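To start, the structure itself, in structure tokens.
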Amino acid sequence: MPTVTTDSIRRSFGAYDEFASKGWVTEPKEIFKAQKETVCLNADGSKTSERIVALSKDEINDKESLLKAHGYDPVYYELVNAKSSIWQQGDGKGVTRNLYSSKITVKPTEAGLDLEDIKRHFEEFKTPYRDLMHISKDRPFGKNIVQLNLVDIHFGRIAEDYETGNVYNMDIARNNMLKVANDFVVETNFDETEYIVMQISQDYFNSSFTGYTTSQSHMQDNATTFNTIFKRGTEALIETIEVVASGARIPVRVVFVSGNHSRFEEQAMAMVLEAYYRNSEIVTVDASPYPRKYITYGNTCIGMTHGSDEKDRLQGLMQVENPTGWADSKYRYWMCGHLHHNDWALRENFGVSIFTLSAMTKMDNWTVKSGYTMANSGCTVFVFDYEKGLKDIKFFYV
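Under the working numbering, the first residue of the sequence shown carries the number 534, and numbering increases by one thereafter.
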């Protein structure tokens, strides 16, 4: 047996390098592929993945490329941190390529929605009311506006009678919305109405994509997967909008106001609505993410917010954020949700009146356990006169 010396090893490796640089004499069917891969689930719900990846220098520094290389869809996961070290591998043809030992930590995104899938879905969606929507050409100039507040619906919530004393699910939520919309157009006189303000969202969905509230503080009782909740909930809202528009046959201004249960997912829904009605002559959608919205009509300025975050600061925000509307108005109102009860004890501080609106949802396990069982579910409607401000209040129980 020949003696193995340090010099012979050195010469052998030199010969191998020369051979490798010239390529294979007979190329193997499969070039070596690195197999190392580990995945760990962490206590905080994040995941750590470690594997060998073949990426360019630009790709190894790109979040989306890293996520895809580790098998994570950027729609559903976001990168928390990443660490990589480089090594090289010959391809058998005299060319080396960069490989990286890559370790990343990821967590589920707040709004894991596939917007391309949603776009395809709603391109085909059409309600039976679409062809009935039009504006009468001989309609006289309006003297009032009507505000319909569909807030705190918590679409996707599930409640059983034996646990909560009531039943609630997606079918009931949809039927309640359509019933309110139908009763609203039947029982309201729109002869002198210029347009309808339709306030939507404010916890339209029961939870974020993760099943928790946006703040990640409370797990919610949901009926099914969030993508199903999102699609069915958005469809139900489109149907409701079109019942109102086709029944009233006057312009409908849909105003999105975010809540605290599903803030980012509701924003995505509002953007779907905005795109869906982009060519409509009767329905317009305000999908902007700003948490407070304002409308000035004649002597009236209306502010809309969920009311979960502003606390006592609310009474001073309208005059700062909307100084023109404040100055041009005599009657000023805030319309707030969040508390799931109708506050008829109207508060008027610093020149603005604050209403708390009823919720459309029903009780779940947490609300029953906490004793929030004394409020009636429903929708509050306001009529604002151009000159005289708040003229009428209507209530539709569900």
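Glycine residues also receive a C-beta, built at the ideal position from the N, C-alpha and C atoms.
The structure displayed is predicted, hence computed values, not measured ones.
- In angstroms, rounded to a whole number, what distance separates the CA positions of residue 878 and residue 885? To locate residue 878, count along the sequence shown from 1; it is residue 345. To locate residue 885, count along the sequence shown from 1; it is residue 352. Below a pLDDT of 50, predicted positions are generally treated as unreliable, and residue 878, at 47, falls in that range; no measurement from the model is reported.
- Query: What's the C-alpha gap between residue 930 and residue 660?
  - Reply: Taking the first residue of the sequence shown as 1, we reach residue 930 at position 397. Taking the first residue of the sequence shown as 1, we reach residue 660 at position 127. If I take the Cα positions, the gap works out to 25 Å.
- Item | Separation of residue 920 from residue 831, as counted between CA atoms | Your numbering for residue 831 matches position 298 in the sequence shown. Your numbering for residue 920 matches position 387 in the sequence shown. The straight-line gap from Cα to Cα measures roughly 6 Å.
- Buried or exposed by the 16-neighbour rule on C-beta atoms within 10 Å, applied to residue 574: In the sequence shown, the residue the question calls residue 574 occupies position 41. Exposed.
- Query: Helix, strand or coil for residue 800 per DSSP?
  - Reply: As a position in the sequence shown, residue 800 is number 267, starting the count at 1. Correct three-state label for residue 800: helix.
- Task: For residue 903, count neighbouring C-beta atoms within 10 Å of its own C-beta (all shown protein chains included) and say buried if the count is 16 or more, exposed if not.
- Result: As a position in the sequence shown, residue 903 is number 370, starting the count at 1. Answer is exposed; the Cβ neighbour count stays below 16.
- Of the residues 770, 922, 927, 571, the one placed nearest residue 914, counting alpha carbons only: Residue mapping note: residue 914 aligns to position 381 of the sequence shown, counting from 1. Residue 914 has its Cα closest to that of 927, out of 770, 922, 927, 571.
- Proximity to residue 688 [Cα-Cα], best of 770, 652, 696, 713: For the purposes of this step, residue 688 is taken as the residue at position 155 of the sequence shown. When only C-alpha atoms are compared, the closest one is 770.
- Message: What I want to know is whether the C-beta of residue 891 ends up closer than 7 Å to one or more non-hydrogen atoms of the ligand GTP.
- Response: By its list of ligands, the structure shown contains no ligand whatsoever, and the ligand GTP lies outside what it can speak to.
- Query: At what residue ranges does the segment 808-859 contain a whole run of the alpha helix (DSSP H), taking only runs of 4 or more?
  - Reply: 850-854
- Message: Would the segment 794-810 count as touching the segment 719-739 if we require 3 or more Cβ pairs under 8 Å?
- Response: Here the segment 794-810 makes contact with the segment 719-739; the two share three or more CB pairs at distances below 8 Å.
- Measure how close the beta-carbons of residue 776 and residue 826 come, nearest whole angstrom, since I'm counting them as under 8 Å. Within the sequence shown, the letter at position 243 stands for residue 776. Within the sequence shown, the letter at position 293 stands for residue 826. The pair is not a contact, with the Cβ atoms about 23 Å apart (cut-off 8 Å).
- Query: According to DSSP, is residue 738 helix, strand or coil?
  - Reply: Taking the sequence shown and counting its residues from 1, the one referred to as residue 738 is at position 205. Taken through DSSP and simplified to helix, strand or coil, residue 738 comes out as strand.
- Task: Using beta-carbon positions only, say whether residue 896 and residue 906 come within less than 8 Å of one another.
- Result: The residue labelled residue 896 in the question sits at position 363 within the sequence shown. The residue labelled residue 906 in the question sits at position 373 within the sequence shown. Cβ distance < 8 Å, so residue 896 and residue 906 count as in contact.
- Message: What does the Cβ neighbour count give for residue 721, buried or exposed, with the cut at 16 atoms within 10 Å?
- Response: For the purposes of this step, residue 721 is taken as residue 188 along the sequence shown, with counting starting at 1. The C-beta of residue 721 has 16 or more other C-beta atoms within 10 Å across all chains shown, which makes the residue buried.
- Query: Grouping DSSP H, G and I as helix and E and B as strand, with all else coil, what is residue 779?
  - Reply: Counted from its first residue, the sequence shown places residue 779 at position 246. Residue 779: helix per DSSP, three-state reduction.
- Item | Paired residues, beta bridge with residue 615 - DSSP | Along the sequence shown, read from residue 1 onward, the residue named residue 615 stands at position 82. By DSSP's assignment, residue 615 forms a beta bridge with 637.
- Item | Rounded Cβ spacing between residue 519 and residue 778 (contact assumed at less than 8 Å) | What the structure shows of the chain is the stretch from 534 to 931, and residue 519 is not part of that stretch, so it cannot be assessed.
- Query: Are residue 786 and residue 817 closer than 8 Å when you measure CB to CB?
  - Reply: On the sequence shown, position 253 is the one that residue 786 refers to. On the sequence shown, position 284 is the one that residue 817 refers to. Yes.
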